[in-house]
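Student: One structure, pasted below without further comment.
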Amino acid sequence: CGKDGNLIKARHVGKEGIGFVGEVRKVDTRIVDSLVKSGYIPVISSVAADETGQAHNINADTVAGEIAASLGAEKLILLTDTAGILQNYQDPSTLLTKLDIQQARELIEQGIVAGGMIPKVNCCVRSLAQGVKAAHIIDGRLPHALLLEIFTDEGIGSMLVSSQYQN
């Protein structure tokens, strides 16, 4: 229910040579609300149409963050193939388990968060700024990863929170 359901409206990013890549212009959550109320679990594509109907690919993490914010979600959880945000990307023991928006931005500025982790952290920061209470980046390869993150005190990945978040 991305492009076909008009859940997401795209804006072309305008970079030459990258094709039809876009960013989220608007989210209309009515279709998600309707599906959930009917007992369905929506599977959402990150392909969205612009105002002319042209399909654009949008980063899936970005789409997830925008939808979470639009729905007023309590949490956003991103699954990836690393333990979470690492102080040293080569050392899983350097996992940062909890940080706020400012700390996350500083890690990007310092180059500690780099590569494919940048859009994940940016989408978490943006969703937090729009009212999501906590955003998590966890290793989706681990058995029961979601349950371990949600239902244990320590979690298994990185949790990002707004600066005013209270446990």
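Okay, so the sequence shown: first residue is 1 according to my numbering, each after it adds one.
Ideal Cβ positions, reconstructed from N, Cα and C, are used throughout, including at glycine.
Buried or exposed for residue 36, please, with buried defined as at least 16 other CB atoms from any protein chain shown within 10 angstroms of its CB.
Tutor: exposed
Student: If you scan the stretch 85-127 from start to end, which runs of the beta strand (DSSP E) of 3 or more residues do you find wholly inside it?
Tutor: 98-100
Student: Given the structure, does residue 55 come close to the ligand NAD, in the sense that its CB is under 6 Å from one of the ligand's heavy atoms?
Tutor: The ligand NAD is not part of the structure shown, which contains no ligands of any sort.
Student: Taking all protein chains shown into account, decide if residue 77 is buried (16 or more other Cβ within 10 angstroms of its Cβ) or exposed.
Tutor: The residue in question, residue 77, is buried, as its Cβ has 16 or more Cβ neighbours within 10 Å.
Student: Under a CB-based cut-off of 7 Å, is residue 133 close to chain D?
Tutor: No chain D appears in the structure shown, which is made up of a single protein chain.
Student: The alpha helix (DSSP H) that contains residue 68, what's its start and end?
Tutor: 60-71
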